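Q: In short: position in the sequence shown from 1, add 68, done, that's the working numbering. Using N, Cα and C, we set each Cβ at its ideal position, and we do this for glycine too. Just so you know, these numbers come straight off a predicted model, no measurement behind them. Provided herewith is a single structure, encoded as structure tokens, for subsequent inquiry.
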Amino acid sequence: METSSDNKKKKRPIRKVVLWVLAGIFVILSAVGIYVTHNFNQLLTDALIKNFNSTLISDVYELKFEKLRVNLLQGNIKVFKVVLQPRQKPLHSYPYINSSFKLSTNKILLTNVRILDLLKSNILQLDKIEITEPDVELKIEDQIPIFFPFKDSTNQTKQVNKDKKNPIELFVLQKFDLSNASLHLVNLAKEREIKVKGFSISIRDLIIEQLPGKDLVSYNHIEVSIGNLTGTMKNEALKYLSFKDYTLTLDTLTVEKSVDTLIYNFADFSTGIKMVDIQTSDSIYHIGLQSLQLSYKDKTVKVNGFSFMPNVSHAVLQAKSRYQKTEFSVGLGSLNITGLDFDSLIRARKIFIEEIKLDSINLSLYKDKTKPLDKNKFPEYLSQKLTSIPLPINVKLVSATNFNLVNVERKEDGKTAKVTVGRGTLAIKNITNQSPSSMLTLNASAFLQDKVLLNLLVNYSYNKPQFSYILRSGKFNLLDLNQLIVAYVPAKISNGTVDEILLSGTAYRNHASGTMKFLYHDLKVDMSISDTKWQNDVVAFAANTVVNSNNPPSDGLPPKVVAFKADRDMNKGGFNMLLKSFFAGMKETIIMSKENKKAYKEEKKKKEQQDGKPKKKLFGKNK
């Protein structure tokens, strides 16, 4: 029993000794670890600073941070309270540097750093840089900003001074993530100030390389996003700009830059933006946009909620012009472009598009006709306007639905005339200036004054200034157009129903001619020939003191189909030519000229001969 007790007493001291030894070793290792870690962190701090100070950038900028933490197992380095800012006094003079920036952030994470290379050679090699919620301030003082000193790429001579600072000749990075940054840009050269919140950028496989005569930059993937941007500008077309939720994605981008050449290639890109708000420099117009999406791969552009509106009255806008000028405002529900050739647009500045679809268009026009016309202005027809555009264009089809137009004119007598066209559809084919062999075709239908359905077909010639047109309508009550008719012609409709209108003709450079079939019944018209433009019709009106209330005049007689001619006002465009043709044909139908009377008599004679009926006379005149 005593032997057993002695053994226990011997084991206990041995166990205590072992425990104390282990505790001592742990304390020593901990102390050594703390010491080594502290010194290792200091070594890395010195290496990072030395690596930065070995570059040309350090001549102009200084890098500061409060502390550094390293994870040896993962090879990660965390740098806290980082500031990269311009030096108060550069170490060397670089006269070409005209701009500067400052970056400050609470933390920068460097992932998978080659720590031994950093310690031994002061070469920073790593896989990923992650910067969270930094503040960036940029100050630009020249049209082409230069922030850093650079190596002369044309210089082939080798530097023999070992203490000479190195430019960045090669930089490789697998990942770079900057998230939720705040940016303040002051551009003194262009008098701009821009503030950005929620700026993020993600880059994969970045390579920057300087070679003799050129710089190479390549990215495998880039994503850029902006949560909110506001900007003010002076001496430019825009005064104020803001938007939200901007995104940009680029795949496989390579850039090659030399002294006078920039070459770039990419595999795909897409971009989008929302809630765009723009004010023009004179604060007269406001431009709005709900959203825009663009895809290079899909060859599409999608726009929603576009608007272009004046902030001031018609009087203010018209006061800016000495002559008659059409002002406009537009609201657009959606615009979809498909088959857009981005390569031709970007590289050759050519616009090639398969189709453009528009929906929910609200267009307002206003003109003050009390002002004189600009006699030096000679508007061209649509096809001639297209051929005069220097940028190559080829759009196969433009279609529009839910088209609405309000045209308001202040007439010479100070009164206002208003025309509304609503619920319209539109299709335009063969929009081009590339030696077209076929015509530009416009096909439209809409409701005039929300009552009368009209169909219009126009074929424009690209070879000469002319176009042909066909205008049709079905049955409608003429009283529905009374307000419009009174506004433009010295007549008022008391009663009447239109059975059909068919206007066809050709507009040439200085006139238009064609035929009009205007079928109606129970027509009663009050004429007022006080307008000097209608004085030539007084004799004709006297000979027709009672306007025929029907066309055809009676059963069995042919309808009146009249020929018309309208001279063009050379200071007005194609729409005015259509309008003048319509009223010329309508006037000829109601108050026929001698030529149309003669033609109608011959038509009646043919009809009577075909029907085998004798001529009927009333008061010595053929009826």
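Keeping to the same chain, check which residues put their C-beta closer than 7 Å to that of Phe396; ignore five residues upstream and five downstream.
A: As a first step, residue 396 is located in the sequence shown; it is residue number 328 there, counting from the start. Only Leu431, Ser432, Leu433 meet the Cβ criterion.
Q: Exposed or buried, Thr657, counting other C-beta atoms within 10 Å across all chains shown (16 or more means buried)?
A: Translated into the one-based positions of the sequence shown, residue 657 becomes position 589. Buried: at least 16 other Cβ atoms inside 10 Å.
Q: Taking only heavy atoms of the ligand GTP into account, decide whether any of them is closer than 7 Å to the Cβ of Ile176.
A: Judged by which ligands are present, the structure shown has none, so any question about the ligand GTP falls away.
Q: Just mark Pro280 as buried or exposed, buried being the case when its beta carbon has 16 or more other beta carbons within 10 Å.
A: Here residue 280 refers to the residue found at position 212 of the sequence shown. Classification for Pro280: exposed.
Q: Looking at Leu256: is its Cβ nearer than 8 Å to the Cβ of Glu198?
A: Here residue 256 refers to the residue found at position 188 when the sequence shown is read from its first residue. Here residue 198 refers to the residue found at position 130 when the sequence shown is read from its first residue. Going by C-beta atoms, Leu256 is not nearer than 8 Å to Glu198.
Q: Contact check, Leu297 vs Val264 under 8 Å by CB: the rounded distance?
A: Taking the first residue of the sequence shown as 1, we reach residue 297 at position 229. Taking the first residue of the sequence shown as 1, we reach residue 264 at position 196. Contact flag correct, Cβ pair sits at about 5 Å.
Q: Where Asp245 and Arg390 are concerned, what is the direct C-alpha to C-alpha distance, given to the nearest angstrom?
A: Taking the sequence shown and counting its residues from 1, one reaches residue 245 at position 177. Taking the sequence shown and counting its residues from 1, one reaches residue 390 at position 322. Approximately 56 Å between the Cα atoms of the pair.
Q: If we count the other Cβ atoms within 10 Å of its Cβ and call it buried at 16 or more, is Lys628 buried or exposed?
A: As a first step, residue 628 is located in the sequence shown; it is residue number 560 there, counting from the start. It is buried - the Cβ of Lys628 has at least 16 other Cβ atoms within 10 Å.
Q: Any contact of the segment 537 to 547 with the segment 486 to 497, i.e. 3+ C-beta pairs under 8 Å?
A: no
Q: At which residues does the alpha helix (DSSP H) containing Ser451 begin and terminate?
A: Taking the sequence shown and counting its residues from 1, the one referred to as residue 451 is at position 383. DSSP places Ser451 in the uninterrupted alpha helix (DSSP H) bounded by 450 to 455.
Q: Between Phe267 and Ile294, which are expected to be in contact by the criterion C-beta below 8 Å, what is the C-beta distance as a whole number of angstroms?
A: Here residue 267 is taken as the residue at index 199 of the sequence shown, counted from 1. Here residue 294 is taken as the residue at index 226 of the sequence shown, counted from 1. Ile294 and Phe267 do touch by the CB rule: their CB atoms are close to 5 Å apart, below 8 Å.
Q: With C-beta atoms as the reference, is Lys560 less than 8 Å away from Asn550?
A: Here residue 560 is taken as the residue at index 492 of the sequence shown, counted from 1. Here residue 550 is taken as the residue at index 482 of the sequence shown, counted from 1. In contact: Lys560 and Asn550 (Cβ atoms closer than 8 Å).
Q: Could you check the C-alpha separation between Gln361 and Lys453 for me, to the nearest Å?
A: Start at 1 with the first residue of the sequence shown, and residue 361 comes out as number 293. Start at 1 with the first residue of the sequence shown, and residue 453 comes out as number 385. Looking at the backbone, the Cα of Gln361 and that of Lys453 are separated by about 29 Å.
Q: Distance check for Gly573 and Leu587, CA to CA, integer angstroms please.
A: In the sequence shown, counting from the first residue as 1, residue 587 sits at position 519. In the sequence shown, counting from the first residue as 1, residue 573 sits at position 505. For Leu587 and Gly573, the distance between alpha carbons rounds to 18 Å.
Q: Decide if Gln678 is buried, meaning its Cβ has at least 16 other Cβ atoms within 10 Å, or exposed.
A: For the purposes of this step, residue 678 is taken as the residue at position 610 of the sequence shown. Gln678 should be labelled exposed.
Q: Check whether chain D comes within 8 Å of Arg491, counting only Cβ atoms and requiring the distance to be less than that.
A: Of the chains in the structure shown, none is chain D; there is only one protein chain.
Q: Taking the alpha carbon of Ile499 as the point to measure from, which residue in Leu516, Lys175, Glu423 has its own alpha carbon closest?
A: Sequence index remark: in the sequence shown, residue 499 carries index 431 (1-based). Its Cα nearest to that of Ile499, the residue Glu423 stands out among Leu516, Lys175, Glu423.
Q: By the 10 Å Cβ neighbour count, where 16 or more other Cβ atoms means buried, how is Gln110 classified, buried or exposed?
A: The residue labelled residue 110 in the question sits at position 42 within the sequence shown. It is exposed - the Cβ of Gln110 has fewer than 16 other Cβ atoms within 10 Å.
Q: Would you decide whether Leu441 is buried or exposed? Buried here means 16 or more other CB atoms lie within 10 Å of its CB.
A: Taking the sequence shown and counting its residues from 1, one reaches residue 441 at position 373. Exposed is the call here.
Q: Using a threshold of 8 Å, state whether the C-beta atoms of Ile421 and Pro460 are closer than that.
A: For the purposes of this step, residue 421 is taken as residue 353 along the sequence shown, with counting starting at 1. For the purposes of this step, residue 460 is taken as residue 392 along the sequence shown, with counting starting at 1. Against a cut-off of 8 Å, the Cβ pair of Pro460 and Ile421 comes out as no contact.
Q: What distance in whole Å lies between the Cβ atoms of Phe376 and Tyr353, which are believed to be in contact at a cut-off of 8 Å?
A: In the sequence shown, counting from the first residue as 1, residue 353 sits at position 285. In the sequence shown, counting from the first residue as 1, residue 376 sits at position 308. 7 Å between Cβ atoms; contact.
Q: By a C-beta neighbour count over all protein chains shown, 10 Å radius and 16 as the cutoff for buried, is Asp114 buried or exposed?
A: Looking up residue 114 in the sequence shown gives position 46. Flag for Asp114 reads exposed.
Q: Pull up the CB-CB distance for Lys149 and Glu130, whole angstroms please, since I reckon it's below 8 Å.
A: Your numbering for residue 149 matches position 81 in the sequence shown. Your numbering for residue 130 matches position 62 in the sequence shown. Between Glu130 and Lys149 the Cβ distance is about 14 Å, and since that is not below 8 Å, they are no contact.
Q: Would you mind reading off the limits of the alpha helix (DSSP H) that contains Phe410?
A: Here residue 410 refers to the residue found at position 342 when the sequence shown is read from its first residue. Taken as a continuous stretch (DSSP letters only), the alpha helix (DSSP H) holding Phe410 covers 410 to 416.
Q: For Lys170, collect the residues of the same chain with a Cβ closer than 6 Å to its Cβ; drop the 5 residues on either side in sequence, then sort them by chain order.
A: As a position in the sequence shown, residue 170 is number 102, starting the count at 1. Taking Lys170 as the centre and dropping the five residues before and after it, the same chain places the C-beta of Gln153, Glu205 closer than 6 Å to its C-beta, in chain order.
Q: Got a sec? Which residues, its chain only, sit under 6 Å from Arg182 by beta carbon, not counting five neighbours each side?
A: Taking the sequence shown and counting its residues from 1, the one referred to as residue 182 is at position 114. Answer for Arg182: Gln193, listed in chain order.
Q: Alpha carbon to alpha carbon, how far is Ala667 from Asn644?
A: Translated into positions along the sequence shown, residue 667 becomes position 599. Translated into positions along the sequence shown, residue 644 becomes position 576. Approximately 28 Å between the Cα atoms of the pair.
Q: Tyr164: buried (16+ other C-beta within 10 angstroms of its C-beta) or exposed?
A: Locating residue 164 in the sequence shown gives position 96, where the first residue counts as 1. Exposed.
Q: Might you give, ordered along the chain, the residues of its own chain that have their beta carbon closer than 6 Å to the beta carbon of Lys157, omitting 5 neighbours on each side?
A: For the purposes of this step, residue 157 is taken as residue 89 along the sequence shown, with counting starting at 1. Excluding residues within five positions, none has a Cβ falling inside 6 Å.
Q: CB Leu400 to CB Leu426, shorter than 8 Å?
A: Locating residue 400 in the sequence shown gives position 332, where the first residue counts as 1. Locating residue 426 in the sequence shown gives position 358, where the first residue counts as 1. Taking a C-beta distance under 8 Å as the contact criterion, Leu400 and Leu426 qualify as a contact pair.
Q: Unbroken beta strand (DSSP E) runs of length 3 or more, entirely within the segment 325 to 350: which are they?
A: DSSP runs (the beta strand (DSSP E)) wholly in the segment 325 to 350: 330 to 333, 336 to 348.
Q: Taking 8 Å as the threshold, find out whether the segment 435 to 451 comes into contact with the segment 525 to 533 through three or more Cβ pairs.
A: yes
Q: Taking its Cβ as the centre, do 16 or more other Cβ atoms sit within 10 Å of Met638, making it buried, or is it exposed?
A: Counting from one through the sequence shown, the residue named residue 638 turns up at place 570. The residue is exposed, with fewer than 16 neighbouring Cβ atoms inside 10 Å.
Q: So is Ile457 buried or exposed if we call it buried at 16+ other beta carbons inside 10 Å?
A: Reading the sequence shown from its first residue, position 389 is the one you call residue 457. Around the beta carbon of Ile457, fewer than 16 other beta carbons lie within 10 angstroms, which makes this residue exposed.
Q: Is it buried or exposed, Glu201, if we count other Cβ atoms within 10 angstroms and call 16 or more buried?
A: Mapped onto the sequence shown, residue 201 falls at position 133. With fewer than 16 other Cβ atoms within 10 Å, it is exposed.
Q: Would you kindly report the start and end of the unbroken alpha helix (DSSP H) that includes Thr394?
A: Residue numbering aside, residue 394 sits at position 326 when the sequence shown is read from its first letter. No alpha helix (DSSP H) holds Thr394; DSSP gives it neither H nor E.
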